[in-house]
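Just below is one structure, and these are the notes that go with it.
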Amino acid sequence: SDSYFSKRAPRYQTALRTLPAARTLDLLPYCAVIAALQHQNRSRLIVADAFGGTGFLARSLSAGRFDFVVCDCCQQMLSGAAGIPHVQLHETQDDFQSALACFGDDYFDLVFSHGGLHHVVDMNNGSDNGSPNDAESRLRQTQIAQRLARMVRPDGALVIADIPENAPVELN
């Protein structure tokens, strides 16, 4: 059976290719962190894009200046990142344990996670109604963030940008 993400992958890829400027503002925090590290006279940054899907960040930010590793749990999403210069693909279906085992501690200058962490949901709540187990979901998300942090060099940066659990007060 196809996963949620494998079904969404073609539509997501088409949307990003059709309207690439629609997510331009999403890039600002990453550009700021890259600029800060480049002022430290780093020659070529090694960047992990956790939950990188179709390679939006790698395609938008790299321009061949960095070595990117796009990590995702869905091969169909990763197929959209295939062929981007200086980009390696890593499929991880185990909450980034395989990524940590493959690359190790302190490997990346930067680890980015753009809008993927909220998709980590534990549906095993002990009932048959298919609702998520919020406590287990948060635990898995925390464990993933810890694994991502371990992959960052001591003088590097981890940037997690995601959807807040609760809507901001001004939107209520």
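All you need for this note's numbering is the position in the sequence shown, starting with 1, plus 479.
No residue lacks a Cβ here, since even glycine has one placed at the ideal position from N, Cα and C.
Ser592 - partner residues in DSSP beta bridges: Taking the sequence shown and counting its residues from 1, the one referred to as residue 592 is at position 113. Looking at the DSSP output, Ser592 shares a beta bridge with Ala529 and Ile639.
Distance between beta carbons of Ala560 and Gly531, contact taken as under 8 Å: Within the sequence shown, numbered from 1, the residue matching residue 531 stands at position 52. Within the sequence shown, numbered from 1, the residue matching residue 560 stands at position 81. Yes, they are in contact, since the Cβ atoms of Gly531 and Ala560 sit about 7 Å apart, within 8 Å.
Gln517 - DSSP class collapsed to helix/strand/coil: Numbered from 1 along the sequence shown, position 38 holds the residue referred to as residue 517. Here Gln517 carries a helix assignment [DSSP, helix/strand/coil].
Pairwise C-alpha distance: Leu536 and Ala636: On the sequence shown, residue 636 is found 157 positions in, with the first residue counted as 1. On the sequence shown, residue 536 is found 57 positions in, with the first residue counted as 1. Rounded to the nearest angstrom, the two C-alpha atoms are 16 Å apart.
Beta-carbon contacts of Gln492 that lie in its chain and below 6 Å, excluding the five residues immediately before and after: On the sequence shown, position 13 is the one that residue 492 refers to. Only Thr533 and Gly559 meet the Cβ criterion.
Selection from Asp588, Val631 and Asp528 that minimises the alpha carbon distance to Met556: One-based indexing of the sequence shown puts residue 556 at position 77. Among Asp588, Val631 and Asp528, the Cα nearest to that of Met556 is on Asp528.
Three or more C-beta pairs below 8 Å linking the stretch 625-633 and the stretch 586-595: yes
Cys552: CB within 7 Å of a non-hydrogen atom of the ligand MN: By its list of ligands, the structure shown contains no ligand whatsoever, and the ligand MN lies outside what it can speak to.
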